[in-house]
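Protein chains in written order, with the working numbering: chain A, 186 to 308; chain B, 961 to 1067. By construction, the Cβ of each residue, glycine as well, lies at the ideal position given by its N, Cα and C atoms. Fair warning: this is a prediction, and the values are worked out from it, not measured in the lab. Read through the structure below, which is laid out as structure tokens, and then see the notes.
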């Protein structure tokens, strides 16, 4: 059974840093692209970024709103994904979801999602 | 960035109704569109990918169609567990973007 579990959320002051983790099991983690998606309270979904798999050199993509402040990494030996968030702003307050990438032809879709972890940026 | 719009933003329907939600893209995304269902307090659930392919385990009352810039999600006979918010997402070009959502409520 595929499992995706985020952790590391909490309250942080503006300008601060936080590192989220996503532990996975039930599939070959190293084969998959992995993404972060967030949802501000009462709002819609926003894609944060992606890490490709080893076969694609672990390259990353980011949304403009987080580029230069957030960094996605992975540890295939631990089946885990990470999101390092620096220079946090109040508008980064959201539930952060980790999502597995399903590769179908030339594109990737999010087929399994974690339950999310809440990050609150406030003084 | 590719902008996605959804219509309606809210709809009220009864169990057994046929429901159609439209997603329009600001530019051609070929068939690289996804539909998700999100119930309150829960993570999104993949329903349909590549515009019309039903994800494994999703009931056949859900269907998707379209290509280019206009797409639809249809629920053929609304069930109580289908009352939720539905999002479309384009996966053709970075940054990946989502539509604003359509909330389906009980009439």
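Per DSSP, what are the beta-bridge partners of residue 262/A in this structure? Residue 262/A is not bridged to any residue.
Any beta strand (DSSP E) of 3 or more consecutive residues that is wholly inside the segment 230-307 of chain A: You should have 230-236, 245-247, 255-260, 265-270, 279-289, 292-298 and 302-306.
Can you tell me the Cα-Cα spacing of residue 214/A and residue 220/A, whole angstroms? 12 Å
What residues from the segment 284-301 of chain A come within 7 Å of chain B, judged by C-beta to C-beta, listed N to C? 289, 292, 293, 294, 295, 296, 298, 299, 300 and 301
Can you check whether the C-beta of residue 303/A is within less than 9 Å of a C-beta belonging to chain B? no
Less than 9 Å between the beta carbons of residue 964/B and residue 1060/B, yes or no? yes
What would DSSP say about residue 214/A, mapped onto helix, strand or coil? helix
Under the three-state DSSP convention, the category residue 1042/B falls into: helix
With 9 Å set as the bound, which would you pick, yes or no: does the beta-carbon of residue 195/A sit closer than that to a beta-carbon of chain B? no
Quick one: what does DSSP say residue 1018/B is sitting in, helix, strand or coil? coil
Taking the alpha carbon of residue 1066/B as the reference point, which residue from 961/B, 1002/B, 970/B and 966/B has its own alpha carbon closest? Among 961/B, 1002/B, 970/B and 966/B, the Cα nearest to that of residue 1066/B belongs to 970/B.
CB-CB under 8 Å to residue 962/B, same chain, minus the five flanking residues each way: which ones, in chain order? 985, 986, 987, 989, 1050, 1052, 1053 and 1057
Run the CB neighbour count on residue 188/A, radius 10 Å, all protein chains shown included, and call it buried at 16 or more, exposed below. exposed
Which residues of chain B have a Cβ atom closer than 9 Å to the Cβ of residue 229/A, listed in chain order? 1045, 1047, 1058, 1059, 1060 and 1061
Does the ligand PLP have even one heavy atom less than 8 Å from the beta-carbon of residue 1043/B? Among the ligands in the structure shown, none appear at all, so the ligand PLP cannot be discussed.
Name the chain A residues that come within less than 7 Å of residue 1004/B, Cβ to Cβ? 230 and 298
9 Å Cβ cutoff met for residue 191/A and residue 206/A: yes
For a contact meaning CB atoms closer than 7 Å, what does residue 1051/B contact in chain A? 292, 293 and 294
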